[in-house]
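The opening position of the sequence shown corresponds to residue 0 in numbering that gives the first Met the number 0, with each subsequent residue numbered one higher. Ideal Cβ positions, reconstructed from N, Cα and C, are used throughout, including at glycine. Scroll down for the structure; my scribbles are underneath it.
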Amino acid sequence: MKISKMKIKVAGLCLLTWAFVSTSCSDYLDKTPDDATSITLEEVFSSEIYTERFLLRAYDYLPCETNYNDNDYWALGAWSGASDEMNITWTYPMAKEMNRGSWNPKMLEGSSSQGTSYAMWWRYYEGIRQCNVFLENIDLCPAAQATKNVWICEARFMRAMLHFFLLRSHGPIPIMDHALKMDDEMTYFPRNTFDQCVDFIVSDCQYGIDGALPMIYTNASGTVAESLYGRATKAAAYALKARVLLYAASPLFNGNADYAKFANEDGTLLFAPKDDSKWGKAAAAAKEAIDKIEGSSYYGLYYSDEPDNGYRNYMELFLPSKKWNKEYIFARNQGTGYSDNIHQEKCMAANGMGGWSGLCPTQELVDAYEMANGSIPIIGYNADGTPIINGASGYSETGFAATAGKHYPAGVYNMYVDREPRFYASINFNGQQWRGRQLEFWQGGKDGINVSKVDYCCTGYLLRKTADEGVDVINGKGGMKEASILFRVGSLYLDYAEALNEAEGPVDDVYKYVDAIRKRAGLPGLAKGLDKDKMRERIQHERQIELAFEAGHRYFDCHRWKIAEKTDNGYMHGMNITATNKVDYSKRSTVGDSRVFEKKHYLFPIPQSEMDKQIGLVQSPYWE
C-alpha cells in the first residue's frame, strides 16, 4: 500500500510527544520505572521489563466506552448521550453540545490531559505514536525473539485499533506508520484515502492473525492466564478486521454522494465510488472470525447456569463479577478486585438511593424493546409524536398491573408489563424493584426531581445494564472494577448477519446468527420469508437492543447507516417527571430541548488548532 509521506510542524497532532508514566488502574499497566520521567529510550529498550512496560502504556489509550459519563477522564466518547438511546441529566458533557448542534472545530482543541471527547484526536494520535516508537526500537531489546514477536503483533494491533477509533469518527485520516522526529521536514500532512486507511488497519490486524499472537493467553499448565486479560490476541485481531470492513461497506462510507467530491488539496478523492462487493468482504471476514474464535474453544455466547433464563443470560453477561466470561473477545482492562471508587454505579443509581440519576435511557429506546412473545409493540409515531401501537402485540399504555410478573412488581404501568427479558435487564423504570424498594421517579417521590435540581432522572428511566445491585452506593463501598467491552461474540454475530444480508440477502446463515442472539435472550426466532429490506430492518432493530449502551454501537450504527438525521434530530421523550402522582407521571413527555443534527455532523471536524498548523490537511465535509 502506498502511504503519503507525512510531515508536520512541531506539536502537530500531538505526534511529537509521548509519556511513559502510566495512570491506568489496571494491574499490568500500573508497573512503571521508579524514575520514569528521566529514563531515556536507550535505557528503556535495553531492559526487557521496561520495554514491556513501554508497550503496555499503549493500552492506556483505549477508551472506556461503557463509561457513559463522557466528562470522565477515560470515557473519551459521548456516544450514548449523543444518540437516541440516552439523555444525560447534566449540562456539561460533550454529548450535550452534540445534542444542541453547537460543537465546532474550535471546541475540539482540548489537550490530551482533558481526557474527554474534546481531546479524542490528540489522545489517539499520542497512542499511535507510542506504538510506532515501540516498533522502531524493539530490536534493541534483549528479550527472546519469540517474546518480541508477540509484542510486535500487540503494538501493531493497538496501532490499528487507535486508527480505527479515529476513522469511524473522522472518516479518512492521516495514517501514521512511523514516529516523527524533531528533525523531520515538517511541511505537508494530508489525509489518506478512506480505502487506504481501511487497508492499513486490516494489514496490521492480519500481521497478528498470521503471526505470533495467541488466540488467548495461557499459563504453562494450559489454563487461561487471567493476569493477561485485556492484552491483544488473535481473536481481537480477527474481530477488528471484521468490524472495520463492515464500516467500510456501509452507506456513509461506501458510495455516499455527499462525499463524492471530498478531496485533498492536490485533488486526490478521499472516497471511492460505491462498491457493493465490500459487503461480501465484510461478511467473509466476520465468518472467518467467528469460525476461528469459536473453534478455539475459549469463546462463545455467554449463558448463565439457567440457559433458558433469557434475563439472567443477558444480565450476567455485563456484571463486573462475570467479566472476562467466554463472550469477551477484547476489552479495556480496568483491573481486578473491588474498588471504593464507584463513580459509574452512582451515575446509574437513583438519587434517593445515594446516586446521581444521570444516565437516563430515552422513551425511544424503551419503545424499541419487544414484548415477551417477540412482537414489536410500537410500529411508528404519528405527526404529534404519539405512538402507533401494534394492537396484536398485547402492549398497552393504559392502566397498571394488577398482579406481579416474573420481572416486575404489581402496580407498575402496563407499558412495562410482559416485555422481553433484555428490557428488564437493561432499564430501571418507575415502580420497579431495585435495591430493596420500588423506584419513585415522580415529583414528590423518593427519587423524583424534588430531591435534587441537579441530579435527577430526566426521562423517568435509569440505566440498569452493567449495574451491580449489591454495591453500597450510599457509603461508596464494594464496587467491582469493570472491563469495558470493545468486541464480544454477540456483536460479531450481528456484524456477520448484517454484512451477509447485504451481500446475499436473508440466507440461512443470516437467520442462524440473529436467532442465536434472540434465543439467548429468551425470544423466538425471526419470522421466515423476510426479504432483504425487511431483514435489514430486523437486524438494525436487533443491534439497537442487543448492543444498547455498548462501545458506541448505536451512535456509529446510525451514522454509518446514514439515518442519524432522523434518529438524532428533534425531541427525545420520556415520562412526565414533573407530575406529582404516578397516574399523571405515566404520560409521554419531551425531554430537554429539541436536538439538532446536520449533514456535517456525520463526521467529526478536525480540531481547528490542527487545521491552522498543517499544510495540506483538509477539514471534514461541511465544516468549513
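*State the DSSP-derived secondary structure class of Y327, mapped to helix, strand or coil.*
strand
*When the Cβ atoms of the stretch 191 to 210 are set against those of the stretch 154 to 170, are three or more pairs found closer than 8 Å?*
yes
*asked:* Can you confirm whether the stretch 590 to 605 touches the stretch 566 to 581 when touching is taken to mean that 3 or more C-beta pairs between the two stretches lie within less than 8 Å?
replied: yes
*Which residues bound the beta strand (DSSP E) around M414?*
Careful: M414 lies outside any beta strand (DSSP E) and carries neither H nor E.
*Considering only C-alpha positions, which residue in the set E396, A520, K147 and V132 is nearest to T385?*
E396
_DSSP-derived helix/strand/coil call for F708_ = The requested residue 708 does not occur in the structure, where the chain is confined to residues 0 to 623.
_Ranges of the alpha helix (DSSP H) found wholly within the stretch 400 to 451, counting only runs of at least 4_ = 420 to 425
*Taking C-beta to C-beta, are F548 and S79 nearer than 7 Å?*
yes
*Got a sec? Which residues, its chain only, sit under 8 Å from I377 by beta carbon, not counting five neighbours each side?*
D366, A367, P386, I387, I388, N389 and Y394
*asked:* By the three-class DSSP mapping on this structure, what secondary structure does I174 have?
replied: coil
*asked:* So, for P628: in the same chain, excluding its five sequence neighbours on each side, which residues have a beta-carbon less than 8 Å away from its beta-carbon?
replied: Residue 628 lies beyond the stretch modelled for the chain, which goes from 0 to 623, so this question has no answer here.
*Put D138 into one of helix, strand or coil per three-state DSSP.*
Of the three classes helix, strand and coil, the one that applies to D138 here is helix, per DSSP.
*In chain order, what residues of the same chain lie with their CB nearer than 8 Å to the CB of M610, ignoring the 5 residues before and after it?*
P104, L616 and Q618
_Between the stretch 402 to 415 and the stretch 427 to 437, can you find at least three pairs of beta-carbon atoms closer than 8 Å?_
yes
*Quick one: residues in its chain with C-beta nearer than 7 Å to the C-beta of N632, no 5 flanking neighbours on either side, listed in chain order?*
Since the first residue shown for the chain is 0 and the last is 623, residue 632 is missing from the structure and cannot be characterised.
*Per DSSP, what kind of secondary structure is Q607 in: helix, strand or coil?*
Q607: helix per DSSP, three-state reduction.
*When burial is assigned at 16 or more other CB atoms within 10 Å of the CB, is A531 buried or exposed?*
Ala is not the amino acid found at residue 531; the sequence shown has Lys there. With fewer than 16 other Cβ atoms within 10 Å, it is exposed.
*Short check: CB of A285 to CB of A498, under 7 Å?*
yes
*Which term fits P189, buried or exposed, when burial requires 16 or more other beta carbons within 10 angstroms of its beta carbon?*
Residue burial annotation: P189 is buried, with at least 16 other C-beta atoms found within 10 angstroms of its C-beta.
*What residues are listed by DSSP as bridge partners for S588?*
Answer by DSSP bridge pairing, in chain order: G573.
*Could you have a look at P620 and say whether DSSP puts it in helix, strand or coil?*
coil
_Give me, in chain order, the residues of the same chain whose beta-carbon lies closer than 8 Å to that of R517; leave out the 5 immediate sequence neighbours on both sides._
G373, P523, G524, L525 and E541
*List the DSSP bridge partners of D471.*
K476
*Validate contact between the stretch 473 to 483 and the stretch 340 to 354 using beta carbons, cut 8 Å, 3 pairs*: Because the criterion of three Cβ pairs below 8 Å is met, the stretch 473 to 483 and the stretch 340 to 354 touch.
_Under the three-state DSSP convention, the category R463 falls into_ = coil
*asked:* Just to confirm before moving on: does the CB-CB distance between I328 and F486 stay below 7 Å?
replied: Result yes, Cβ atoms of I328 and F486 sit closer than 7 Å.
_Cβ neighbours of T458 in the same chain (closer than 8 Å, five flanking residues each side left out)_ = N86, C359, P360, T361, Q362, M571, H572, G573, M574, I576 and V590
_Taking 7 Å as the threshold (C-beta atoms), are L107 and V171 in contact?_
Correcting the residue identity first, residue 171 is Pro in this sequence and not Val. No, they are not a contact pair.
*Three-state secondary structure (DSSP) at L364?*
helix
*Considering only C-alpha positions, which residue in the set E225, V197, E51 and G357 is nearest to K452?*
Nearest option by C-alpha distance: G357.
*asked:* Run through the DSSP bridge pairs and tell me what V595 is partnered with.
replied: Paired residues: none, contrary to the question.
_So the candidates are A400, K533, F164 and E503; which of them puts its Cα closest to the Cα of C196?_
F164
_Please state the DSSP three-state secondary structure of C359._
strand
*Look at the alpha carbon of H558 and the alpha carbon of Y601, and state the distance between them as a whole number of angstroms.*
6 Å
*Under 7 Å Cβ to Cβ from R535, same chain only, skipping five residues before and after it: list those, please.*
N500
*Since A330 and G229 are thought to touch, with beta carbons under 8 Å apart, how far apart are those beta carbons, to the nearest angstrom?*
Taking 8 Å as the upper bound for CB-CB distance, A330 and G229 are in contact here, some 6 Å apart.
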